[in-house]
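Contents: one structure, followed by commentary.
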Amino acid sequence: MSLTSLEKCILDTLAYFQIFNFPITSWEIYKNLWKPTEQYSFEQVKSTLDKLYKNKILGTNEGFYFFKTKADLVATRKKKYLHAQNKIKKAKKSLWLISHIPFVKAIFICNNLAYQNASEGSDIDLAIICENNRIWTARFFSTLLMKMLGQRPTENKHQDKICQSFFITTCNLNLKSLAYKNDIHFTYWLNQFLPIYGKPELIEKFFNSNSWTKKCLPNFEPITTNERWVIKSKSLNKRFFELILKTKLIGGPLNKLLKILQLKILPKNLNNLAKEDNTNVVISDEVLKFHDKDKRIQFRDKWEKTIENLK
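If you read the sequence shown in the numbering used here, its first letter stands for residue -14, the second for the next number, and so on.
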């Protein structure tokens, strides 16, 4: 199949979202266009989509585009959107509580829920920014709180549980070092972060710190969270405890003690995975990434195989 440069970009983009059974609109394709070789307008993308449809390469229904064999996915996307809305609604109380934990500076919803593509039985994945040198303190109290409330996922219970598997510090917002070669999933994953709590300037700084993704997604703009999901908490108690926990007598020793305690009770498989030569599981004072089932490589390989078959 002989493709123009723009046709290839569009198919590359659709091939990625097809992995997650997620048909997308013409505007979403334009916004998520993968590695365009020049600056295409939305009108150019739309007319090229019409051409691909007329040539029977793509299908379309209700404004969504997909590969011809995936016509049933539009109804699935609508159903998952409703699941996602319900999940965020249920999670808001827990997220409000986490926002009151000392040294928690920002909370993002990530993974499929971030772009409203959640399965009914899935949990709620978070990415949390913590104050520098206090990552172990923030993680300890936030995970302890969810444990006490029965909101942490277990081996048998995942639905609507709060999964806190990714923490970074305010001094380590650039996550390029965690990406693999041609890591398409990580690039989209970062850009799909849905900010729920945090000062606007910190959230903006996070996305600006990861502007290296613009080389792959030049049209993408950070997601604007619906106001009804945004948490705007200003807790004097939180500020008071932070001041106490920042003192040399308490703060430093406590953070070190909580680090030792958490490393001791951390599942053995996570400790072992952290020693491997990859970035699936990372354990440090700047990044805590517990993605023991990280599928980035599988997603990349599946995506590359799909676009290879389209040639």
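By construction, the Cβ of each residue, glycine as well, lies at the ideal position given by its N, Cα and C atoms.
What residues in its chain sit with their C-beta under 8 Å from that of residue i, if we drop five residues either side in the sequence?
i: K72; result: L98, A103, S107, I109, D145
i: K190; result: L158
i: S162; result: T264
i: F27; result: S11, W12, Y15
With the cut-off set at 8 Å, would you say residue i and residue j are in Cβ contact?
i: Q247; j: F125; result: yes
i: N263; j: D277; result: no
i: F275; j: S150; result: yes
i: L273; j: I120; result: yes
i: E116; j: T155; result: yes
i: T45; j: E(-8); result: no
i: S79; j: Q136; result: yes
i: I292; j: L(-4); result: yes
i: A259; j: I268; result: yes
i: N6; j: T61; result: yes
Excluding the 5 residues preceding and the 5 following residue i in the sequence, name in chain order all residues of the same chain whose CB lies nearer than 7 Å to its CB.
i: S(-10); result: T22
i: I188; result: A91, P180
i: N167; result: R285
i: T122; result: P87, F88, L230, L239, N240, L243
i: F178; result: F93, C95, A99, A112
i: K233; result: none
i: I235; result: I229
i: H143; result: G106, S107, D108
i: T(-2); result: I14, N17, L18, W19
From the DSSP output, in three-state form, read off residue i for me.
i: T172; result: helix
i: Y15; result: helix
i: S196; result: helix
i: C95; result: coil
i: S150; result: strand
i: K20; result: coil
i: L(-12); result: coil
i: P203; result: coil
i: D110; result: strand
i: K75; result: helix
i: G44; result: strand
i: L187; result: helix
Between residue i and chain C, is any beta-carbon pair separated by less than 8 Å?
i: E206; result: Within the model displayed, chain C is absent; a lone protein chain is all it includes.
Output needed for residue i: all residues of its chain with C-beta closer than 6 Å, excluding positions within five of it in sequence on either side, in chain order.
i: Y66; result: Q101
i: W81; result: I216
i: A76; result: I109
i: D279; result: N265
i: Y25; result: L(-9)
i: Y38; result: T45
i: P138; result: D108, K146, C148
i: Y43; result: The question names Tyr, but residue 43 is Leu in the sequence shown. L37, Y50, listed in sequence order.
So the candidates are the options; which of them puts its Cα closest to the Cα of residue i?
i: K290; options: A0, A60, K241, N6; result: A0
i: Q29; options: C(-6), L43, T61, N167; result: C(-6)
i: N211; options: P180, L221, K64; result: P180
i: S196; options: K142, Y182, L175, L242; result: L175
i: G183; options: V267, S220, K74; result: S220
i: E105; options: R137, G135, K63; result: K63
i: Q70; options: N257, S218, D270, W214; result: W214
i: I153; options: E261, I42, V266; result: V266
i: Q3; options: T232, V59, K41, L251; result: V59
i: I114; options: E271, L295, K287; result: E271
i: T198; options: N222, I235, K223, L160; result: L160
i: G237; options: L(-12), N118, D35, H68; result: N118
i: S(-13); options: R281, I208, N40; result: N40
Pair every Cβ in the stretch 196 to 203 with every Cβ in the stretch 6 to 24, then say whether three or more of these pairs are closer than 8 Å.
With the rule of 3 Cβ pairs closer than 8 Å, the stretch 196 to 203 counts as touching the stretch 6 to 24.
Determine contact between the stretch 163 to 175 and the stretch 130 to 139, defined as no fewer than three beta-carbon pairs at a distance below 8 Å.
Too few Cβ pairs lie closer than 8 Å, so no.
At a cut of 8 Å, does the stretch 178 to 195 reach the stretch 227 to 242 through at least three beta carbon pairs?
Counting Cβ pairs under 8 Å, fewer than three are found: no touch.
Counting Cβ pairs, one atom from each stretch, are 3 or more of them under 8 Å apart for the stretch 80 to 98 and the stretch 38 to 57?
The stretch 80 to 98 is not in contact with the stretch 38 to 57.
Does the stretch 7 to 18 come close enough to the stretch 44 to 52 to have 3 or more Cβ pairs within less than 8 Å?
The answer is yes - the stretch 44 to 52 touches the stretch 7 to 18, with three or more Cβ pairs under 8 Å.
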